[in-house]
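Going by the working numbering, the letters in the sequence shown line up with residues 262 to 475, in that order.
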Amino acid sequence: RLDVGDPHVIRLKMPREGETVFEDLVRGTIRIQNEQVDDQVLLKSDGFPTYHLAVVVDDHLMGITHIIRGEEWLLSVPKHLQIYKALGWESPNMAHLSLLLNPDRTKLSKRQGDVAVEDYMAKGYLPEALVNFVALLGWSPGSDEEFFSLEALVEQFSLERISKSGSVFDLEKLNWMNRHYLRQLSEDAAVKYLTPFLTAAGADVSDADKTRKI
(Lines of atoms letter the chains of each structure in order from A and count residues from 1; the text may use other names and numbers.)
(Lines give C-alpha, C1' and ligand atoms only; values in the text may rest on other atoms or scores of the structure.)
Protein backbone atom coordinates (compact mmCIF):
# COMPACT_ATOMS: atom_id res chain seq x y z
CA ARG A 1 0.00 0.00 0.00
CA LEU A 2 2.83 2.37 0.83
CA ASP A 3 4.51 1.75 -2.54
CA VAL A 4 1.39 2.54 -4.57
CA GLY A 5 0.22 5.42 -2.41
CA ASP A 6 -2.86 3.74 -0.96
CA PRO A 7 -4.12 4.87 2.45
CA HIS A 8 -2.36 2.88 5.16
CA VAL A 9 -1.59 2.75 8.85
CA ILE A 10 1.60 1.92 10.71
CA ARG A 11 1.30 -0.90 13.25
CA LEU A 12 3.57 -2.31 15.94
CA LYS A 13 3.89 -6.06 15.51
CA MET A 14 2.97 -7.65 18.81
CA PRO A 15 4.22 -11.07 19.97
CA ARG A 16 1.71 -13.84 19.27
CA GLU A 17 2.96 -16.47 21.71
CA GLY A 18 3.56 -16.52 25.43
CA GLU A 19 2.39 -13.91 27.88
CA THR A 20 3.20 -10.43 29.08
CA VAL A 21 3.98 -10.33 32.80
CA PHE A 22 4.28 -7.15 34.82
CA GLU A 23 4.00 -5.99 38.43
CA ASP A 24 1.04 -3.80 39.30
CA LEU A 25 1.42 -1.74 42.47
CA VAL A 26 -2.17 -2.51 43.46
CA ARG A 27 -2.86 -5.94 41.97
CA GLY A 28 0.51 -7.62 42.18
CA THR A 29 1.73 -9.85 39.35
CA ILE A 30 -0.44 -9.56 36.23
CA ARG A 31 -0.27 -12.05 33.35
CA ILE A 32 -1.92 -11.33 30.00
CA GLN A 33 -1.82 -13.81 27.14
CA ASN A 34 -0.24 -12.19 24.09
CA GLU A 35 -2.80 -13.79 21.78
CA GLN A 36 -5.40 -11.47 23.34
CA VAL A 37 -3.62 -8.37 22.03
CA ASP A 38 -3.85 -7.15 18.42
CA ASP A 39 -1.03 -5.48 16.50
CA GLN A 40 -1.24 -1.90 17.72
CA VAL A 41 -1.84 0.93 15.26
CA LEU A 42 0.78 3.63 15.92
CA LEU A 43 0.08 6.05 13.06
CA LYS A 44 -3.37 6.43 11.52
CA SER A 45 -3.99 6.77 7.79
CA ASP A 46 -4.00 10.56 8.15
CA GLY A 47 -0.50 10.42 9.65
CA PHE A 48 -1.56 11.32 13.16
CA PRO A 49 -0.43 9.15 16.08
CA THR A 50 -2.92 7.07 18.01
CA TYR A 51 -3.51 7.57 21.71
CA HIS A 52 -1.38 4.56 22.60
CA LEU A 53 1.73 5.96 20.92
CA ALA A 54 1.11 9.54 22.02
CA VAL A 55 0.59 8.69 25.68
CA VAL A 56 3.81 6.67 25.88
CA VAL A 57 5.85 9.44 24.25
CA ASP A 58 4.18 12.11 26.40
CA ASP A 59 4.74 10.20 29.65
CA HIS A 60 8.40 9.63 28.75
CA LEU A 61 9.06 13.26 27.84
CA MET A 62 7.36 14.45 31.03
CA GLY A 63 9.39 12.08 33.19
CA ILE A 64 6.34 10.26 34.54
CA THR A 65 7.35 7.66 37.14
CA HIS A 66 3.92 6.27 38.11
CA ILE A 67 0.85 5.64 35.95
CA ILE A 68 -2.28 5.36 38.11
CA ARG A 69 -5.50 4.68 36.19
CA GLY A 70 -8.61 2.51 36.06
CA GLU A 71 -8.59 -1.25 35.67
CA GLU A 72 -10.20 -0.97 32.22
CA TRP A 73 -6.72 -0.07 30.92
CA LEU A 74 -5.12 -3.36 31.97
CA LEU A 75 -5.34 -4.90 28.48
CA SER A 76 -3.51 -1.88 27.07
CA VAL A 77 -0.43 -2.51 29.21
CA PRO A 78 1.16 -5.10 26.85
CA LYS A 79 0.86 -2.60 23.97
CA HIS A 80 2.42 0.19 25.99
CA LEU A 81 5.23 -2.02 27.31
CA GLN A 82 6.10 -3.09 23.77
CA ILE A 83 6.20 0.54 22.64
CA TYR A 84 8.49 1.44 25.53
CA LYS A 85 10.71 -1.52 24.62
CA ALA A 86 10.81 -0.59 20.91
CA LEU A 87 11.84 2.97 21.76
CA GLY A 88 14.46 1.82 24.26
CA TRP A 89 12.78 3.53 27.21
CA GLU A 90 12.17 2.29 30.73
CA SER A 91 8.48 1.93 31.52
CA PRO A 92 6.97 3.69 34.56
CA ASN A 93 5.48 1.92 37.56
CA MET A 94 1.82 1.06 37.02
CA ALA A 95 -1.17 0.86 39.33
CA HIS A 96 -4.67 0.01 38.12
CA LEU A 97 -7.55 1.01 40.36
CA SER A 98 -10.89 -0.74 40.59
CA LEU A 99 -13.97 1.00 39.24
CA LEU A 100 -16.36 3.11 41.29
CA LEU A 101 -19.78 1.51 41.61
CA ASN A 102 -23.36 2.57 42.18
CA PRO A 103 -25.14 1.15 45.26
CA ASP A 104 -26.54 -1.62 43.02
CA ARG A 105 -22.92 -2.56 42.12
CA THR A 106 -23.22 -1.32 38.52
CA LYS A 107 -20.44 0.86 37.10
CA LEU A 108 -20.69 4.52 38.07
CA SER A 109 -21.50 6.45 34.92
CA LYS A 110 -22.23 10.08 34.05
CA ARG A 111 -25.33 8.83 32.24
CA GLN A 112 -26.78 7.95 35.63
CA GLY A 113 -26.08 11.24 37.40
CA ASP A 114 -23.35 13.54 38.62
CA VAL A 115 -19.83 12.13 38.62
CA ALA A 116 -17.65 15.24 38.25
CA VAL A 117 -16.24 17.08 41.27
CA GLU A 118 -17.56 20.33 39.81
CA ASP A 119 -21.11 18.95 39.89
CA TYR A 120 -20.95 18.32 43.63
CA MET A 121 -19.24 21.62 44.43
CA ALA A 122 -22.00 23.42 42.54
CA LYS A 123 -24.48 21.70 44.86
CA GLY A 124 -22.72 23.00 47.95
CA TYR A 125 -20.43 20.18 48.95
CA LEU A 126 -17.28 21.46 50.63
CA PRO A 127 -13.92 20.69 48.97
CA GLU A 128 -12.66 19.22 52.25
CA ALA A 129 -15.59 16.80 52.38
CA LEU A 130 -15.14 15.73 48.76
CA VAL A 131 -11.41 15.12 49.16
CA ASN A 132 -11.96 13.13 52.36
CA PHE A 133 -14.78 11.09 50.83
CA VAL A 134 -13.01 10.30 47.56
CA ALA A 135 -9.78 9.36 49.36
CA LEU A 136 -11.63 6.65 51.26
CA LEU A 137 -13.13 5.13 48.11
CA GLY A 138 -11.01 2.02 47.77
CA TRP A 139 -8.32 3.09 50.25
CA SER A 140 -8.12 2.10 53.90
CA PRO A 141 -6.10 3.96 56.54
CA GLY A 142 -5.81 0.78 58.59
CA SER A 143 -8.04 2.16 61.35
CA ASP A 144 -11.65 3.16 61.98
CA GLU A 145 -10.83 6.84 61.53
CA GLU A 146 -13.14 8.58 59.06
CA PHE A 147 -12.07 12.21 58.93
CA PHE A 148 -8.73 13.31 57.51
CA SER A 149 -7.26 16.67 56.68
CA LEU A 150 -5.46 16.97 53.36
CA GLU A 151 -2.15 16.99 55.22
CA ALA A 152 -3.04 13.77 57.07
CA LEU A 153 -4.07 12.09 53.82
CA VAL A 154 -0.77 13.02 52.18
CA GLU A 155 1.12 11.64 55.17
CA GLN A 156 -0.80 8.38 55.52
CA PHE A 157 -1.75 7.46 51.95
CA SER A 158 -0.05 4.50 50.31
CA LEU A 159 -0.84 2.42 47.24
CA GLU A 160 -0.39 -0.74 49.31
CA ARG A 161 -3.67 -0.05 51.13
CA ILE A 162 -5.79 0.34 48.01
CA SER A 163 -8.45 -2.35 47.61
CA LYS A 164 -8.53 -4.60 44.55
CA SER A 165 -12.34 -4.68 44.55
CA GLY A 166 -14.71 -1.97 43.38
CA SER A 167 -15.91 0.72 45.79
CA VAL A 168 -19.50 1.88 46.15
CA PHE A 169 -20.14 5.61 45.78
CA ASP A 170 -22.36 6.10 48.83
CA LEU A 171 -24.09 9.47 48.53
CA GLU A 172 -25.48 9.21 52.06
CA LYS A 173 -21.96 8.93 53.44
CA LEU A 174 -20.87 11.95 51.40
CA ASN A 175 -23.82 13.92 52.81
CA TRP A 176 -22.84 12.85 56.33
CA MET A 177 -19.24 13.94 55.77
CA ASN A 178 -20.32 17.25 54.29
CA ARG A 179 -22.52 17.99 57.32
CA HIS A 180 -19.53 17.30 59.56
CA TYR A 181 -17.29 19.74 57.69
CA LEU A 182 -20.02 22.38 57.52
CA ARG A 183 -20.34 22.24 61.32
CA GLN A 184 -16.59 22.83 61.63
CA LEU A 185 -16.80 26.18 59.81
CA SER A 186 -16.65 29.39 61.79
CA GLU A 187 -19.69 31.64 61.54
CA ASP A 188 -17.88 34.04 59.21
CA ALA A 189 -16.61 31.22 56.99
CA ALA A 190 -20.07 29.62 56.85
CA VAL A 191 -21.70 32.91 55.81
CA LYS A 192 -19.08 33.52 53.13
CA TYR A 193 -19.43 29.98 51.76
CA LEU A 194 -23.22 29.79 51.85
CA THR A 195 -24.01 33.29 50.55
CA PRO A 196 -23.74 32.37 46.82
CA PHE A 197 -26.12 29.45 47.35
CA LEU A 198 -28.58 31.61 49.28
CA THR A 199 -28.45 34.22 46.50
CA ALA A 200 -29.08 31.55 43.86
CA ALA A 201 -32.09 30.38 45.87
CA GLY A 202 -33.54 33.90 45.84
CA ALA A 203 -32.76 34.84 49.45
CA ASP A 204 -32.04 38.48 50.33
CA VAL A 205 -28.47 38.59 51.66
CA SER A 206 -28.09 42.38 51.73
CA ASP A 207 -28.60 42.45 55.52
CA ALA A 208 -25.53 40.80 57.09
CA ASP A 209 -27.23 40.16 60.45
CA LYS A 210 -30.23 38.57 58.79
CA THR A 211 -27.98 36.43 56.63
CA ARG A 212 -26.17 35.16 59.72
CA LYS A 213 -29.49 34.13 61.25
CA ILE A 214 -30.41 32.22 58.10
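Even glycine gets a Cβ: it sits at the ideal position worked out from N, Cα and C.
None of these values were measured; they are calculated from a predicted model.
Cβ-based neighbour list, residue i, same chain, cut-off 8 Å, excluding 5 preceding and 5 following
{"i": "P402", "result": "F409, Q417 and R422"}
{"i": "E392", "result": "Correcting the residue type first, residue 392 is Val in the shown sequence and not Glu. Within the same chain, V392 has close Cβ partners L411 and L414."}
Reduced DSSP category for residue i - H, G, I as helix; E, B as strand; rest coil
{"i": "A347", "result": "helix"}
{"i": "P353", "result": "coil"}
{"i": "L286", "result": "coil"}
{"i": "E407", "result": "coil"}
{"i": "R366", "result": "coil"}
{"i": "L336", "result": "helix"}
{"i": "E280", "result": "strand"}
{"i": "L361", "result": "strand"}
Spatial neighbours of residue i in its chain, beta-carbon cut-off 7 Å, leaving aside the 5 residues before and after
{"i": "L420", "result": "L286, V287 and A356"}
Presumed contact (8 Å Cβ cut-off) between residue i and residue j, rounded CB distance
{"i": "W341", "j": "V317", "result": "Inspection of the sequence shows that residue 341 is occupied by His rather than by Trp. At roughly 6 Å, the Cβ-Cβ gap stays under 8 Å, so H341 and V317 are in contact."}
{"i": "L273", "j": "L322", "result": "L273 to L322, Cβ: 19 Å. No contact."}
{"i": "E399", "j": "S359", "result": "Looking at the sequence provided, one finds Gly at residue 399 rather than Glu. About 6 Å separates the two Cβ atoms, so the contact holds."}
Own chain, CB closer than 6 Å to residue i, minus 5 neighbours either side, in chain order
{"i": "R292", "result": "E280 and V282"}
{"i": "I271", "result": "L303 and L304"}
{"i": "K346", "result": "none"}
Exercise. Is it true that the segment 387-394 meets the segment 354-370, where meeting means three or more beta-carbon pairs spaced less than 8 Å apart?
Worked result: no
Problem set entry | Three CB pairs or more closer than 8 Å across the segment 343-357 and the segment 324-333 | yes
Problem set entry | Ordered list of alpha helix (DSSP H) runs contained in the segment 386-430, each at least 4 residues | Complete alpha helix (DSSP H) runs here, min 4: 388-396 and 411-417.
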